[in-house]
Amino acid sequence: MTRHSQRHRTTTLPFSYRDKGVDFELDSFTVDDGNQTALELNPAQTEIDLASAVSSSDSSDEPDWNTITLHGKLRLPEETVQAVFPQDERTHPPAKLYVTIRCHETIYRDRVVISEAPTTPGEHDVTLEVPKSTVRGTVELRPYLVRTESRSEKELNDYADQKNFRVASGTLYYVVVDRPDDEERAAIDGERVRFSQNAHLPDGNKLYYLDFRNESRPKLWINSDHPRIAEVLQSRGSVGAEARMRDVILDQVSYGVWVQLLVRVGSAVDVEGDVEHEWQEMVLQTFARNLYDTSDVSEATHRLRDDLSDPQTLPHVIQRIDSELQEYINPREQLIHLMEEGLQI
Amino acid sequence: MTETELHRLTEDGRRLVGESFMKGEATLTDEQLSEYVEPMPGHPTADLDRIDSAVEQVLTEYPEYDTDIDGALAEEIYCGLDITRRTAGDPGLWHWLAVVRYPDLVRHRWEYRSEEAMREKFLGAGSDLYSNAIHRLWWIAELTSHGDDYSTTDAVFANQTMVNKVFDRWFARYQPAVRAMCDELEDEPSRVIDETTRRFNHALTNVQLEGLSENEAREMIREIVAESR
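The listed protein sequences derive, respectively, from chains A and B.
Numbering of the first sequence is given in our numbering, commencing with residue 1 and proceeding in unit increments.
Numbering of the second sequence is given in our numbering, commencing with residue 1 and proceeding in unit increments.
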């Protein structure tokens, strides 16, 4: 199914395009003037976590580095050139090859040109400098091959004919340079699995299941019986239709998950207002004060416990939870992004 | 010029911002804020005196909700802060500036129409260019200024349609394209701005944005403007 989807993407543009037509491999990195360190990536690993390599000894302060330099190779295969350029252009393809550098948190988009036109098949060394002043969080790196000349065609064919049309791209790497502040707050695990092949998971076309068999650490299962959905959920991009769709699906899943967690935790609060597990503490810290519009977590926790246990107040607390989750998740925002993407507005 | 250390409002501090604060009916005391305000990592400083003076002048000279306030302040805020994109990417900084340093400015510029809309002006930030009242001024100046030349920034803020239509789109994150777009649309009516930004966005389905030089983006945009008139 993944392969099918990849094929689909190569044909959705109005011309021949190769989504994985450029081989991109990062193999080492350097921090400032330090030694070059090898990246030992697993096959298909695209997330490169450098946060610990560059973090400050005082975690509350700014990491102590100025520039990270990533080294690697870009290879343009002959078959990609054959596929995306017409016969008469293949010996000297009017194309340039570059790597885009994007950082969502610093509203940053730029590129490093690796080869100017003509870009013939073969291998190129890649050196990408990432200055700390321009990035934070995760940096995205992706190679593109684009045309550098327009082409006036007498007859229609399947090839891109305009300057700056992209004709091929390669692996998108995510380089993590800072760990998010709230990373340690993730108190539940998630995993993708085929529900149809696991007896302890529900039957039918469920999208997800929150598993409380281990009450101390609930687990979220995503059903990979729906491969297209699971594939979208794995995407890491920040722009494009797939990323927009992923965010909407995540909103939908997270709403259901939070409702369950909130009701569970409210029912688990003891008479002293205490809970047993770390995830329960996290849920209360995150939501309780907002649910009852108070700055006192303890007061809010007691009220949640009382409201959930009384049939008179139960409907009202569910309504509060719904309202708070709509504020917290803000599904409207991601839906609008998806609509804008879909409608091209 | 006095350099003042910049701070950020913590995530938990956001809950201090209630409806009555946003409406200007309640203030936040230093005591209430102290627990939720912390120094920025790396301890960046800025010329906040310069911004204080500019804000004071705007509050005196401009009527409430006047969109010209944006143009009057953008350069002052941008130069006064003189921070890196990394620092600017910390939402807590903008929350501190809007909630703690300049809440009167936020209320003077933005009419309270709904809690949600006003919350965005105090507590928006991050990658949404059109949210926090002060963050948007800094970022639009960052993306449109050429060294010490703020003529494009001024032109953008003189035309709110341009602010809305250009900076709410993803291509606005690529500086060469956004500069070319703002220059070319400077004297165009709203209808052309609307149509050009929409068509350019659509063209990026095939064109790879970061492959464009500023001149190439300008050439494309000129053609689209001509077709959109």
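For glycine and all other residues, C-beta sits at the position ideal for the given N, C-alpha and C.
Q. Is the segment 146-164 of chain B in contact with the segment 58-74 of chain B, if contact means three or more CB pairs nearer than 8 angstroms?
A. yes
Q. Does any heavy atom of the ligand FAD sit closer than 7 angstroms to the C-beta of Tyr62 (chain B)?
A. For the ligand FAD, the structure offers nothing, since it holds no ligand at all.
Q. Nearest to Met22 (chain B) by alpha carbon, out of B:Glu38, B:Ala46, B:Ile69, B:Arg119?
A. B:Arg119
Q. If you draw a straight line from the C-alpha of Cys79 (chain B) to the C-alpha of Val99 (chain B), how long is it?
A. 20 angstroms
(Q) Using 8 angstroms for Cβ pairs, my map puts Leu346 (chain A) next to Ile114 (chain A). What's the rounded Cβ distance? (A) Absent from the structure is residue 346 (chain A), since the part of chain A shown begins at 1 and ends at 345.
Q: Using a Cβ-Cβ cut-off of 8 angstroms, state whether Glu47 (chain A) counts as contacting chain B.
A: no
Q: Would you verify that the beta carbon of Ala88 (chain B) is, or is not, closer than 8 angstroms to some beta carbon of chain A?
A: yes
Q | Residue from A:Leu50, A:Ala117, A:Tyr255 with nearest C-alpha to Tyr328 (chain A) | A | A:Tyr255
Q.
Is it the case that the segment 81-101 of chain A contacts the segment 30-41 of chain A, given that we only count it when at least three CB pairs across the two stretches are under 8 angstroms?
A. no
Q | DSSP-derived helix/strand/coil call for Leu26 (chain A) | A | strand
Q: Can you tell me which of the three DSSP states Gly18 (chain B) falls into?
A: coil
Q) chain A beta carbons: is any one of them nearer than 8 angstroms to that of Thr84 (chain B)? A) yes
Q) So what does DSSP say about Asp169 (chain A), is it helix, strand or coil? A) Checking the sequence shown, residue 169 (chain A) turns out to be Ser, not Asp. Three-state DSSP puts Ser169 (chain A) in a strand.
Q: Answer with yes or no whether the minimum CB distance from Tyr144 (chain A) to chain B is below 8 angstroms.
A: yes
Q | 6 angstroms Cβ shell around Ala38 (chain A) - same chain, five flanking residues per side excluded | A | Ser28
(Q) Using the three-state DSSP reduction, which class does Val178 (chain B) fall into: helix, strand or coil? (A) helix
Q) Can you tell me where the alpha helix (DSSP H) with Ala74 (chain B) in it begins and where it stops? A) 68-81
Q) Tyr130 (chain B) versus chain A: which residues are under 8 angstroms apart at the beta carbon? A) Neighbours of Tyr130 (chain B) on chain A: none; closest Cβ ~12 angstroms, over 8 angstroms.
Q: Measure the C-alpha to C-alpha separation of Leu9 (chain B) and Ala243 (chain A) and round it to an integer number of angstroms.
A: 29 angstroms
Q) Taking Cβ-Cβ distances shorter than 9 angstroms, what residues in chain A pair up with Val207 (chain B)? A) Val146, Gln162, Lys163, Asn164, Phe165, Arg166
Q: Have a look at Val253 (chain A) and Arg320 (chain A) and give me their C-alpha separation to the nearest angstrom.
A: 19 angstroms
**Q.** Where the beta strand (DSSP E) containing Gly72 (chain A) begins and where it ends
**A.** 67-76
(Q) Using a 10 Å radius around the Cβ and a threshold of 16 neighbouring Cβ atoms, would you call Arg173 (chain B) buried or exposed? (A) buried
**Q.** Which residues DSSP lists as bridging His7 (chain B), in chain order
**A.** B:Pro39
Q: Compare the beta carbon distance of His71 (chain A) and Leu97 (chain A) with 8 angstroms and say whether it is the shorter of the two.
A: no
Q: Using 10 angstroms around the beta-carbon of Gly122 (chain A), count the other beta-carbons present and answer buried if the total reaches 16, otherwise exposed.
A: exposed
Q) Roughly how far, in whole angstroms, is the beta-carbon of Gly230 (chain B) from the beta-carbon of Asn164 (chain A), given that I think they are within contact range, below 8 angstroms? A) Residue 230 (chain B) cannot be examined here, being either before or after the span of chain B that is shown, 1 to 229.
Q) Whose C-beta lies closer than 7 angstroms to the C-beta of Ile51 (chain B) among residues of the same chain, with five residues either side of it excluded? A) Glu76, Ile77, Gly80
Q: My understanding is that His95 (chain B) touches Arg179 (chain B), with C-beta atoms under 8 angstroms, so please give their C-beta distance in whole angstroms.
A: Wrong, their Cβ atoms sit about 28 angstroms apart, outside the cutoff.
**Q.** Residues of its chain near Arg185 (chain A), where Cβ-Cβ distance is below 6 angstroms and the 5 sequence neighbours each way are ignored
**A.** Because Arg185 (chain A) sits at a pLDDT of 48, beneath the cut-off of 50, its placement in the model cannot be relied upon, and the point is left open.
Q) For Arg217 (chain A), which beta-bridge partners are listed by DSSP? A) Its beta-bridge partners do not exist; DSSP assigns none.
Q) Who are the neighbours of Arg179 (chain A) on chain B, taking C-beta pairs under 9 angstroms? A) Here the premise fails: no neighbours, minimum Cβ distance about 13 angstroms.
**Q.** Coarse secondary structure for Leu33 (chain B), derived from DSSP in three states
**A.** helix
Q: Jot down the residue ranges of each uninterrupted alpha helix (DSSP H) in the segment 292-344 of chain A, minimum 4 residues, whole runs only, in chain order.
A: 297-309, 314-329, 331-343
Q.
Would you say Asp61 (chain A) lies against chain B (beta-carbon separation less than 8 angstroms)?
A. yes
Q | 6 angstroms Cβ shell around Tyr65 (chain B) - same chain, five flanking residues per side excluded | A | Glu111
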